[in-house]
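Quick note: the sequence shown uses UniProt numbering, first residue 1, plus one each step.
Reviewing the structure listed below.
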Amino acid sequence: MGEYEPKIEVQFPDTLRVSKGSSVKLECFALGNPVPSISWRRADGNPLPGKIKINHFSGVLEIPYFRPEDAGVYECVAANSRGRNVARGQLVFHSKSC
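In structure tokens form, the structure reads like this:
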């Protein structure tokens, strides 16, 4: 089989409502040849919060203790020498009603 650009197979919802204090996991899996690398970024260009954990092997981004400032659009980027593909998802802060 020849080389081909990454194709993202598993991704996260377009919009995900998250409550304060929750833990959020976003999964991104891509096929490609050569095997693509997975990276994460915020669409607004802001740096990822320092508390974020990224498992580069599995492509999972985890945000523990979600707070309002963690809300925004997150992008998974799958890249190899043949090209790249991007999946986007928005995390929306959802305050619980009392």
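Each residue gets a CB set at the ideal place from its N, CA and C atoms; glycine is no exception.
Quantities reported herein were computed from a predicted structural model and do not represent experimental measurements.
Alpha-carbon spacing of residue i relative to residue j, whole angstroms
{"i": "residue 64", "j": "residue 24", "result": "6 Å"}
{"i": "residue 98", "j": "residue 82", "result": "Since pLDDT at residue 98 reaches only 48, below the 50 mark, its modelled position is unreliable, and no value is offered."}
{"i": "residue 78", "j": "residue 96", "result": "34 Å"}
{"i": "residue 36", "j": "residue 47", "result": "22 Å"}
DSSP-derived helix/strand/coil call for residue i
{"i": "residue 62", "result": "strand"}
{"i": "residue 98", "result": "Because the pLDDT at residue 98 is just 48, under 50, the model does not fix this residue reliably, and the value given afterwards should be weighed accordingly. It is coil, neither helix nor strand."}
{"i": "residue 27", "result": "strand"}
{"i": "residue 34", "result": "coil"}
{"i": "residue 49", "result": "coil"}
{"i": "residue 69", "result": "helix"}
{"i": "residue 78", "result": "strand"}
{"i": "residue 43", "result": "coil"}
{"i": "residue 90", "result": "strand"}
{"i": "residue 19", "result": "strand"}
Reference residue i; option with closest CA among the options
{"i": "residue 33", "options": "73, 47 and 5", "result": "5"}
{"i": "residue 75", "options": "60, 50 and 2", "result": "60"}
{"i": "residue 69", "options": "3, 20 and 14", "result": "20"}
{"i": "residue 51", "options": "84, 66 and 45", "result": "66"}
Can at least three beta-carbon pairs, one atom from the stretch 3-20 and one from the stretch 41-57, be found at a separation below 8 Å?
With a cut-off of 8 Å, the stretch 41-57 and the stretch 3-20 do not count as touching, because too few Cβ pairs lie within range.
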